[in-house]
Amino acid sequence: MVRRIAIPAAVLAAALLGLLIFRHPFSGKTPAVLALSETVEAVPGGLVKNAQTSLSVPTQITKIGEDYFLVDCYHNQILTTRQADAPLTEWYVLTDQINRGHTIAGDGTVLLADDTENNRILIFEKKDEGFCLTQTFSDIGVRPHYVVYDPDSARFYALSSMTGELYVFSRPDSEQPRVALEKILSVPELSNVYVRSFTIDGDDIYFVSGNGNILRTRQKDDGLSVEERFPVPDSIAGMIQLTRIQDRFYITVSTDASGSQDFATILRVQDLNDLAAGDWEDVYASFVGGGTPYYISAFDGHYYLTEHRIPGHSVWQFDVKDNELTDIIPLF
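When you line the sequence shown up against my numbering, it's residues 76 to 407, in that order.
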């Protein structure tokens, strides 16, 4: 006769949690925990609609697959919709369980979002018409601030904005949605420097100025080597993002070296070496100006800009034709 042993639910739960925690491959601590979602946090066409009638420091608008996403940073939520021109109250809440998140990126199967003040990366998977939180990676540096999916390498890169570290995530089995932390790349001279983003441009990875220089780096083995430094004046040292559009670099600036947002602007330049001499074109007046521009994205044949400090002008759509800014439209 086979005896059946009743195992208390609490013991089973503890055992399952033990199986779901995996060791960090690069240190003796355990910074990454695989957590199963208890609920579907948002379903387009479902029940959880955005209750906010305005945005509070929007940082990014993007499109992943057929879905649009809008990061409403100071409302601590990420919104989603199938119609980008829908009123804000018709967008749905992907998650409101974040603290000052900034960006989201996806590969068509999973979505990665930074949870900045909680030092986490959240993984979402699309389920039928909705999304589930399926994994949580904790202890991701200090204030992870920017997540990008690179289709050429099939990798996600997440920047720890205060440590100069890039956390590289991948899906070991392309047929499965599970995400793993593959490695950590670092630029030691950016440790304890606030760097808001990076740009993958072919074999190069650019880091915007947080310490007086834009850095052009290359990935070598498991590290990043600094190939070139582009000094910048103190007035534009607090950069947010560098984006290549046609044959110009567009750079959004949040503050000067002292942290004053009075210097916030958008500039563009053909050669980054010209920045040291103050030789650039300021184009923020095309968007009214006077606020703080943030991230620029591109989808549906247009470019998009988020900004804050200007009531009524939170998200812009614009085009660039023959290096001229055209068809500039405020969306929110």
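The beta-carbon is built from N, C-alpha and C at its ideal position, and this holds for glycine as well.
The model shown is predicted, which means the values in this text are computed figures rather than measured ones.
| Query | Result |
| --- | --- |
| For residue 313, count the other beta carbons within 10 Å of its own beta carbon; 16 or more makes it buried, fewer makes it exposed. Which is it? | buried |
| Can you list, in chain order, the residues of its chain with a C-beta nearer than 6 Å to that of residue 265? Leave out the 5 residues immediately preceding and following it. | 239 |
| Just to confirm the assignment: which complete beta strand (DSSP E) runs, minimum length 3, are found wholly within the stretch 154 to 185? | 167 to 170, 179 to 181 |
| Taking a contact to mean a Cβ-Cβ separation below 7 Å, would you say residue 196 touches residue 206 in this structure? | no |
| What are the start and end residues of the beta strand (DSSP E) that includes residue 275? | 273 to 276 |
| Taking the alpha carbon of residue 216 as the reference point, which residue from 202, 183, 260 has its own alpha carbon closest? | 260 |
| Is the number of C-beta pairs between the stretch 368 to 382 and the stretch 317 to 336 that are closer than 8 Å three or more? | yes |
| Span of the beta strand (DSSP E) holding residue 220? | 219 to 225 |
| Quick one, which of 237, 299, 179 has its alpha-carbon nearest residue 142's? | 179 |
| Would you list the residues sitting across from residue 314 in a DSSP beta bridge? | 328 |
| Classify residue 309 as buried or exposed, calling it buried when 16 or more other Cβ atoms lie within 10 Å of its own Cβ. | exposed |
| Since I believe residue 394 is in contact with residue 378 (beta carbons under 8 Å), could you give me their beta-carbon distance rounded to a whole number of angstroms? | 7 Å |
| So, with DSSP's three-state summary, where would you put residue 351? | helix |
| Relative to the alpha-carbon of residue 174, which residue among 161, 200, 132 has its alpha-carbon at the smallest distance? | 132 |
| Under DSSP, the beta strand (DSSP E) around residue 407 begins and ends at which residues? | Run containing residue 407: none; DSSP gives neither H nor E here. |
| If you measure between the beta carbons of residue 361 and residue 400, is that distance less than 7 Å? | yes |
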